[in-house]
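The structure appears right after this line, and notes come after that.
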Ligand code: SF4
Ligand code: SF4
Ligand code: SF4
Ligand code: FES
Ligand code: FES
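Residue numbers (the working numbering), protein chains in the order written: chain A, 43 to 205; chain B, 2 to 956.
Quick look at the structure:
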């Protein structure tokens, strides 16, 4: 029940300190929500609930609205992101050539759903529409590398290259 | 609909208000709608103009109480301007009229477009109408019927994907099924613009777009206060009230407009009534819930959680359904004849033996005006005593005394609607968002729109946190602060000389009294920075329309009357009274505490504040009541506290208590219990077997507000109808009938047929109610007293043309410290108050779903004090004062000042009035419930104690 701020707060981490600085900078700037969220995400790597709560409180914007903005833009992430981001194309060409099978295989292999991250933070799995490499369909991207003409069997080896 | 996502609603409302306040008169504009000419002020929308001439246009996202995005497009019409058709079909709810417009509201194109829009909405809508609670009352459904739109054929191109969101069933009041949401956004706007809570907003994107509480949490884990405003605006079955589920279809439900039985704001709503069968197969009419309505004068569709969801007590199994007589210490059921005869004869015996002044009568701030008036007549004529009082003694008796002495009338001077018109609000000792939730909405709205607000309160209440300044003064130091403000206004020449000359007296007395009460002196007492005091005084004095709102933080002190006078002094100095948007505004606590005072449930006055000492007044009442003038005593009677003291000492032999619970509500409970136990004969009329009723000799089961006719008078003196929705529960009877039965059995039957005829007599004897009758209230709606004649429109603002008492009077009111100061043994200050989710002694609110969201009380303590005592959240303590001790869990918060602890008086398990100080104000006899010295010691948790998981504490 207690949601006051009186409970002994742990000493501020380096990240928290940077957030405070950030909020101080933008507190009185109207329309600052999106830049603040971007910079906060840069600090933490994603946007934890407590950070959103703080942003809402300090900028005096309702938390529901902050949440609305965060979930509207795909650039914002509410959960920690993996060290490697896998983007599986489900665009038309890839779809026709079995993109869904690749996606399913990855979901099974990593035991995560679309948009989720593995517990060891190694991979984040995301589905995307066409990534402009239709000639190579079905295609996935891991970080900046494109892997095309895939079959589910090739995945294990590809994944093993990313730590 | 997505385009509203980032729009800031608050900005829109500000603009709307600026338009509204624009002094330029609006030009009339004439348009033709479906061949009818209509002239409306400029700025009117086509939709409103059409409604004005009775032409219906369907709407989904539009709402007259909210800002309008014009996003659903269902309200489209065809418009021709200067002979040219406007391109596309403009939505009528956001298109304003202009001269010469020709509007067609229902052409074939319009019809087709609307049908298409509805089909698109139905394409993703669950095919659930058979089971849906809203069937019959759902806009989507009725428009579909009207326009012949249907769910798409299975497998057709339109047969869209359906959402599969989990239904939020996390709380006792509201069910949210976002699968049925059509994204009209009204709930989002109602939550923000009306309730100021901003719990809901659009989230996610594309097909997944939905209205979500903050962080997609369940409602019980958000800042939601369960006001149900979102429910009241939702056009579909996406948000519904849990209490009504399965209780009947729209066409099975009857509605009766009535007034809320909880706080003094006086919201109106409709009781919703359905025929239901009980376990024995008997059918009866039941109140299944309430519905708010846009035409309610005080509140529109806004209600708070108590009004909207607090009616379960009406049919609660604990209701007393038959009279009870105590025999050998046990209550046994009795017939009405037996119980009335028994009570009448015992009262008669006591009267014969000891005379009238052996009786004490407690009227009720919960009962109707008619019932209080009648009890008054019963006490003064049949029992023959002026010993009648009620719990207003404990809340605003100091207001009644203080304001009467200063202005001539002891009531709120200005109406609630003036909050929108003030340009400076000073709120003193009032936790408004919890004690007067719907009234507070106006304050919150004013604050959002930039009206400066200063809150003076030892606790950082929710309002204090949102206000522009919060002055957390030391408990009990109000008078020092108020006198210092007067000092500043006088020494800096900020007072209104003309006003003072024309309308007031005693200015010099005040000047003299405050020469030394400098802000620096006050700082040393109340702990508020001298400059802050100066600043507050200046802002109030310099405002065009400054207003003051206050409640128990001011009145429940042993200097209560003086505190009130000190507030009145400020208004008199600055002339902030007798005009729109100004005033001295005590917010009355209970639904009818104003009315109970008006009806003379006070020992020194007869109805209408007419003194018992005035022979002319006594004569008038003697004539109306058909008794000899000398049978009406000219000696003012005893107050509640004095009655209980009298009972304790054996002077008072018998009491009659109507719907009050002094064991829990009055200070020093142990003393109250002993007093009641010493009585020869105690009669209690109540809905429940309260902690007071347990000590009775006879209990009469009374009806709830839903089972009787009458009137309540709200805090702004607005007399409003209470209407009967259902037959009395069990064998209960309305209080007015019980009093009448007793009177008849004691040989003096009353002449009234019904509450309406009692009101007719009130109008005869009580000048301020002279023009009020049930008939008129039914026809014209509520009226504010004074309303002296049948053709008088009522008086929303007092003292408009000079003061009721002739001249406003300044009073010298020197500061006195609290009666009990902290010392080595009792080092902390205990203060008491209210919670949003409960009401008074909890007899009603604790018998409803409210109990689930706020199941137990806690003690608020500052983290520094907690540290000193080695306490953390949910630890248990023994809290004791010189009068007693209770055990309670603690909750740390920096919202109170160090050195102070706080809790509410709603819970009999933590009966804080065992501890409070009965030291009283010498004038009004109000006890100092807000301040006493206490200490706390850590104890073990009760065995198996688990802190409630989802208890809702405001902020
Ligand atoms: S019940 Fe009231 S506070 Fe809660 S979400 Fe609905 S409108 Fe907002
Ligand atoms: S829940 Fe109801 S009120 Fe809210 S957006 Fe959906 S349909 Fe409209
Ligand atoms: S604010 Fe007061 S009158 Fe209005 S619904 Fe709540 S308790 Fe009832
Ligand atoms: S559809 Fe997959 S890359 Fe274009
Ligand atoms: S009602 Fe007019 S656009 Fe929705």
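In this text, a Cβ means the ideal position worked out from N, Cα and C, and glycines have one as well. Here the structure is a predicted model, which is why all the values come from computation and not from measurement.
Asked	Found
Status (buried if at least 16 other CB within 10 Å, exposed otherwise) for residue 877 of chain B	buried
Cβ-based burial, residue 404 of chain B [other Cβ within 10 Å; buried from 16]	buried
Whole-angstrom distance between residue 892 of chain B and residue 46 of chain A, CA atom to CA atom	Model confidence at residue 46 of chain A stands at a pLDDT of 42, short of 50, so the residue's coordinates are unreliable and nothing is read from them.
Residue list, Cβ distance to ligand 2 heavy atoms smaller than 6 Å	B/182, B/183, B/184, B/185, B/186, B/187, B/188, B/212, B/234, B/235, B/236, B/237, B/239 and B/240
Classification of residue 163 of chain B by the beta-carbon crowding that lies within 10 angstroms, buried from 16 upward	exposed
Residue 835 of chain B to residue 797 of chain B span [Cα, whole Å]	28 Å
Ligand 1 heavy atom lying under 7 Å from the CB of residue 190 of chain B	no
Contacts around residue 699 of chain B, its chain only, beta-carbon distance under 6 Å, and the 5 residues preceding and following it disregarded	326, 340, 344 and 684
Other residues of its chain near residue 645 of chain B: CB distance less than 6 Å, five sequence neighbours each side excluded	673 and 676
Boundaries of the alpha helix (DSSP H) in which residue 35 of chain B is found, first to last residue	No alpha helix (DSSP H) contains residue 35 of chain B, which DSSP labels as neither H nor E.
Which of helix, strand or coil DSSP assigns to residue 702 of chain B	strand
Beta-bridge pairing of residue 287 of chain B - partner residues as DSSP gives them	B/275
C-beta neighbour in chain D for residue 216 of chain B, strict 8 Å	Absent here is chain D; the protein component of the structure consists of chains A and B.
Through-space distance from residue 261 of chain B to residue 372 of chain B, alpha-carbon basis	17 Å
Contact with chain A by residue 201 of chain B, beta-carbon distance below 8 Å	yes
Alpha-carbon spacing of residue 799 of chain B relative to residue 564 of chain B, whole angstroms	21 Å
Opening and closing residue of the beta strand (DSSP E) in which residue 585 of chain B lies	585-587
Coarse secondary structure for residue 381 of chain B, derived from DSSP in three states	helix
Residue 290 of chain B beta carbon near ligand 1 (any heavy atom closer than 7 Å)	no
Sequence ranges, beta strand (DSSP E) only - wholly within the stretch 837-872 of chain B, length at least 3	859-862
Assigned exposure category for residue 205 of chain A - 16 Cβ within 10 Å defines buried	exposed
Classification of residue 358 of chain B by the beta-carbon crowding that lies within 10 angstroms, buried from 16 upward	buried
Cutoff 8 Å: residue 68 of chain A Cβ touching any chain B Cβ	no
Euclidean distance between Cα positions of residue 735 of chain B and residue 513 of chain B	54 Å
Residue 582 of chain B versus B/157, B/431 and B/422, residue with shortest Cα-Cα distance	B/422
For residue 463 of chain B and residue 48 of chain A, the rounded distance between their alpha carbons	Residue confidence is low: residue 48 of chain A scores 42 on pLDDT, short of 50, so the model does not pin down where it sits. No coordinate-derived value is stated.
Any C-beta of chain A under 8 Å from that of residue 206 of chain B	yes
C-beta contact flag for residue 794 of chain B and residue 768 of chain B at 8 Å	no
Cβ contact (3+ pairs, closer than 8 Å) linking the stretch 644-661 of chain B and the stretch 894-909 of chain B	no
Contact list for residue 213 of chain B against chain A, beta-carbon separation under 9 Å	106, 109, 110 and 113
Close Cβ partners of residue 854 of chain B (< 6 Å) along its chain, the five nearest in sequence each way excluded	838 and 953
Touching by the beta-carbon criterion (3+ pairs, under 8 Å), the stretch 378-392 of chain B and the stretch 519-532 of chain B	no
Sequence-distant residues of its chain with Cβ nearer than 6 Å to residue 456 of chain B (five each side left out)	428, 464, 465, 468 and 471
CB contact below 8 Å: residue 937 of chain B versus chain A	no
Pick from B/110, B/801 and B/711 that is closest to residue 367 of chain B, judged by C-alpha positions	B/711
Complete beta strand (DSSP E) runs within the stretch 874-934 of chain B (minimum length 3 residues, chain order)	877-882, 885-893 and 901-905
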